[in-house]
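Residue numbers (UniProt numbering), protein chains in the order written: chain Z, 1 to 385; chain E, 1 to 440.
Cβ coordinates follow ideal geometry from the N, Cα and C atoms, glycine included.
Please read these numbers as outputs of a predicted model, since none were measured by experiment.
The structure appears right after this line, and notes come after that.
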């Protein structure tokens, strides 16, 4: 995993997410043991809330999920877009390939086998990179959020130098995860069913529901496309290996073309598909916010009805009034915070798309130019002989 | 409805002629044909001598092209629509400079049939005709399985053209009266014996013949290992090409899949762009959708290159190598015929001896006549065997040269198509980049 360490050291960190020097987080190192990934979370801070100015802790994927879930289940954060949880590291594809490689070893030439092994290692690396990035971005979203960065559990996550799994178990018992289940059934009917008084939220609701279905579709189609691209790249390896046995002199070309072709495929994957996938989850988080606000509105409407009933019966009126006030306050708080969150989310989305689309276009051009040089060289060689 | 004997228009043309109609897709080789005045020498030659002979030949160009008729089906244009021309230096072989004729698919098969049974062409690598079936060796879906689909027609047209080009490129075949008749005669009688070819396919036929040869009991003791070694080389190369062909087939299919998935993705992007409420981003996403549409087009063209330039080249040579194996088998059969004649002669001599002893003068006369007859046959068959050996050696040499040229030419063409594709790709993304940068 030399390559991974090198990459971790040399990549540039996302500018928009990690520029507040008071709390800087990154994942400088990661280890893969039997498909279980151990991340090293490194924090540099000037905040007094922490015991030391710089420290590192080992964390597993499950720890990130625990953190995410506790944030979601915190009432105070109901008016915030909670950054989507990073997906579980998925080594399914390279694992499958390794299995195929093992099975097919007898029928392959040594050359073919080595090339497939190389490709396999590259794929493992790509999955690795992807998962590190996605876990890192999750933490950086939190650290750059005015309110969430101060969360006690977040601080524990960053600082606690013992195994978190004990704390995790306790937390599960406390919350029982029932709220999460409620959120999971974020019924679009509830969201779209409420009578909206606020134009802003009316527009956002319409936009987010539609956009979510479209981006979900695009994500799936992008994945399919990049998978096809990988298949084409794999065929080039086989062609290259077979050409070698025919002692054709263009086999090295095919090998190199594969490498570029394969790289384009995995870069496309990293750029476009990941972008779409990430914002799909982010929009889901925004929808969750709308849902919570819709529930709060529903609660408020119920409390109104209850107050009317109480007044009619002249029974328990003060409690009903207080309850109604609480509901209204909660709803107002959610609306105010929600508006802020959704506006900044818009800006964030546009910036991220812009950055990624530019990078993707530049990469496509760079690789195509490489290919052109390569191809032209081969053609000239073949023609001159 | 188009019957399988759809008429093809066969045209041969001067390469520089401006009256030439463009064949839709690039097809096979157009090497210069060379001609040797004396086909076979009596004594076997050394390798260097054979090579020198190759270089010292006169050369002339005969170019053939095949185009699909404009009207598919029973109705054909009244006059032949395309021409071929030849440009010769030393021998007046054909009546006209340019010529065009209409031919049915079965005519092409019939031509092969005629050439394959001629003793004058024994030992020659006779180019095999295209497969009659749509699929042949490939698992690639060419159009639908519909003989009138454009892809299928193009595939067949290109294959027929390559077949003819290889025929006219061969010095002995170009001399052959059946070939000339095929190129020149207005109307050909329908070919009748094409069942074996269209039904079982060319390679099955070759392999059947091979098996028959191997089953014969008399085995040859080669004094010269060249034939054994060469046959082994040919067989092993055929296997490698099969393997390669299978992978290229897979490449074509995967690229077609990529094509489809890219188109679907492009549409999805367009929808997303419509949903996007930020104006500049919305425009950029729509532009991205258009770029992906263009990429789909590129992938389609590349898949066509993969297939028509690369895969078909391999398929042709797998069958050509089968034809080369066929020559070796013919030589074996010639040897066996000689051996059998020798053994018959021996039996006749023994019979004569018996008759001498039994004193039957009239039967003795007949026996002596038979001995003379078989002595002549033995001499003839021995000469045939030697001659075929020389022919096979020369043919293999010529074939290997052609193959090297052919592969190189096609690979260059393939690389050039990829190069063009990449250059266009650059243009598409460079046009998109400012749109991405304009997002605010």
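Distance between residue j and residue i (C-alpha atoms, nearest Å)
i	j	result
residue 405/E	residue 205/E	28 Å
residue 249/E	residue 383/E	45 Å
residue 327/E	residue 124/Z	51 Å
residue 79/E	residue 104/E	With a pLDDT of 25 at residue 79/E, under the threshold of 50, the modelled position of this residue cannot be trusted, and the question is left open.
residue 276/E	residue 281/Z	16 Å
residue 421/E	residue 85/Z	40 Å
residue 56/E	residue 170/E	Here the model assigns residue 56/E a pLDDT of 35, short of 50, so the residue's position is not dependable, and the following value carries that caveat. Answer to the nearest angstrom: the Cα atoms are 16 Å apart.
residue 83/Z	residue 368/Z	36 Å
residue 232/Z	residue 247/E	10 Å
residue 280/E	residue 434/E	11 Å
residue 323/E	residue 128/E	7 Å
residue 153/Z	residue 73/Z	12 Å
residue 21/Z	residue 50/Z	14 Å
residue 157/E	residue 108/E	12 Å
residue 85/E	residue 64/E	With a pLDDT of only 31 at residue 85/E, under 50, the local geometry of the prediction cannot be trusted, and no value is derived from it.
residue 130/Z	residue 383/Z	42 Å
residue 440/E	residue 218/Z	22 Å
residue 207/E	residue 220/Z	49 Å
residue 181/E	residue 189/E	11 Å
residue 319/E	residue 202/E	8 Å
residue 226/E	residue 350/E	36 Å
residue 305/Z	residue 322/Z	13 Å
residue 283/E	residue 355/Z	15 Å
residue 206/Z	residue 271/E	15 Å
residue 292/Z	residue 278/E	25 Å
residue 100/Z	residue 286/E	40 Å
residue 438/E	residue 164/E	56 Å
Chain Z contact residues for residue i, given Cβ-Cβ distances below 9 Å
i	result
residue 380/E	Under the 9 Å cutoff, chain Z gives no residues; its nearest Cβ is about 41 Å from residue 380/E.
residue 264/E	221, 224, 225
residue 277/E	203, 207, 211, 346
residue 284/E	353, 354, 357
Given residue i as reference, the closest of the options once Cα atoms are compared
i	options	result
residue 80/Z	372/Z, 333/Z, 366/Z, 380/Z	333/Z
residue 239/E	155/E, 317/E, 336/E	317/E
residue 198/Z	383/Z, 352/Z, 339/Z	339/Z
residue 61/Z	109/Z, 47/Z, 230/Z, 135/Z	135/Z
residue 168/E	183/E, 106/E, 283/E	183/E
residue 57/Z	50/Z, 152/Z, 42/Z, 228/Z	42/Z
residue 229/Z	236/E, 209/E, 221/E, 260/E	260/E
residue 333/E	284/E, 386/E, 223/E, 161/E	386/E
residue 236/Z	241/E, 236/E, 252/E	252/E
residue 30/Z	128/Z, 363/Z, 285/Z	128/Z
residue 150/Z	76/Z, 202/Z, 346/Z	76/Z
residue 341/E	373/E, 229/E, 290/E	373/E
residue 308/Z	143/Z, 324/Z, 71/Z, 226/Z	324/Z
DSSP beta-bridge partners of residue i
i	result
residue 39/Z	30/Z, 59/Z
residue 242/Z	Paired residue(s): none; residue 242/Z is not in a bridge.
residue 161/E	The partner list for residue 161/E (beta bridge, DSSP) is empty, contrary to what the question assumes.
residue 25/Z	43/Z
residue 190/E	Note: residue 190/E sits in no beta bridge, so no partner.
Residue i: contacting residues in chain Z (beta-carbon distance under 7 Å)
i	result
residue 441/E	The requested residue 441/E is not part of the displayed model; chain E covers only 1 to 440.
residue 469/E	With chain E represented from 1 up to 440, any question about residue 469/E goes unanswered, as that position is not in the structure.
residue 255/E	232
residue 268/E	217, 218, 221
Partners in chain Z for residue i, counting only beta-carbon separations shorter than 8 Å
i	result
residue 230/E	Here the premise fails: no neighbours, minimum Cβ distance about 17 Å.
residue 244/E	239, 242, 243, 246
Contact set between residue i and chain A, taken where Cβ atoms lie within less than 8 Å
i	result
residue 382/Z	The chain labelled as chain A is not found among the protein chains of the depicted structure, namely Z and E.
Under 7 Å from the C-beta of residue i: neighbouring residues of chain E
i	result
residue 365/Z	426, 429, 430
residue 214/Z	271, 272, 275
residue 228/Z	254, 257, 258, 261
residue 235/Z	247, 250, 251, 254
Residues that residue i contacts on chain E, provided the C-beta gap is smaller than 9 Å
i	result
residue 337/Z	Residues of chain E passing the Cβ test: none, with the nearest at roughly 21 Å.
Residues that residue i contacts on chain E, provided the C-beta gap is smaller than 8 Å
i	result
residue 378/Z	415
Distance cut-off 7 Å: residue i Cβ against heavy atoms of the ligand ATP
i	result
residue 51/Z	Annotation note on the ligand ATP: not contained in the displayed structure, which lists no ligands.
Subject >> Within the segment 279-322 of chain E, ranges of the alpha helix (DSSP H) (whole runs, at least 4 residues) >> reply: 279-305
Original post:
What alpha helix (DSSP H) runs, 4 residues minimum, are completely inside the segment 306-375 of chain Z?
Top reply: none
Original post:
If you scan the segment 55-129 of chain Z from start to end, which runs of the alpha helix (DSSP H) of 4 or more residues do you find wholly inside it?
Top reply: 61-72, 92-104
Subject >> Contiguous alpha helix (DSSP H) assignments of at least 4 residues, all confined to the segment 214-279 of chain E >> reply: 226-275
Original post:
Of all the alpha helix (DSSP H) runs that stay within the bounds of the segment 312-387 of chain E, which reach a length of 4 or more residues?
Top reply: 312-358
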